[in-house]
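Each remark here refers to the structure printed beneath this line.
Numbering (my numbering), first residue to last: 295 to 451.
Here you go:
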């Protein structure tokens, strides 16, 4: 079993990238509280470890070339964040069918048009499906498969 902070990292990655994908190509402010939930600072004005871990995840995504941003808003948000080209292309790409079958919700209508089937086999759809499931293992697998393993589509640099 993974450490809880690693499971939270994968969930934060998935939520942040889905938010950015949903707004693409618009730049948005990416707020930690929208990803990790509400946070109350302590008597010294310091954020919780959970809040800071999520903020660190957002900075890491930027450092790894998955998103760009203009600045930070204190430790609350990334200002004017947008997916990089590589991240957008990867999220829009079709995932291997074995992974789609493992991570997707079963299709209720097998006769769906090809365009809809294609949309339901993208990496971003797999991330959304994994998040809806609430399963840490599915979220972890979806994020790892999308960005951290080579599945023949090239890796994001």
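Virtual Cβ for every residue (Gly too), placed ideally from N, Cα, C. Predicted model, so just to flag it, every value in this text is computed and none were measured.
In this structure, DSSP gives residue 313 a helical state, which the three-state scheme calls helix. Residue 365 has 373 as its beta-bridge partners, per DSSP.
Looking only at 370, 364, 390, 389, the smallest Cα-Cα distance to residue 378 is reached by 364. In the three-state reduction of the DSSP assignment, residue 325 falls in the strand class.
Distance from the CA atom of residue 385 to the CA atom of residue 418, rounded to whole angstroms, is 5 Å.
If you check the CB distance, residue 371 and residue 324 come in under 7 Å. For residue 422, the CB contacts under 7 Å within the same chain, skipping 5 residues up- and downstream, are 312 in chain order. Ranked by Cα distance from residue 327, the options 387, 316, 435, 367 are led by 367. Spanning the alpha carbons of residue 443 and residue 339 requires a straight line of approximately 39 Å.
Distance check between residue 361 and each of 310, 430, 391 places 310 closest, using alpha-carbon atoms only. Counted as a single uninterrupted DSSP element, the stretch harbouring residue 441 is not any alpha helix (DSSP H), since DSSP gives it neither H nor E.
Taking all protein chains shown into account, residue 300 has fewer than 16 neighbouring C-beta atoms within 10 Å of its C-beta and is therefore exposed.
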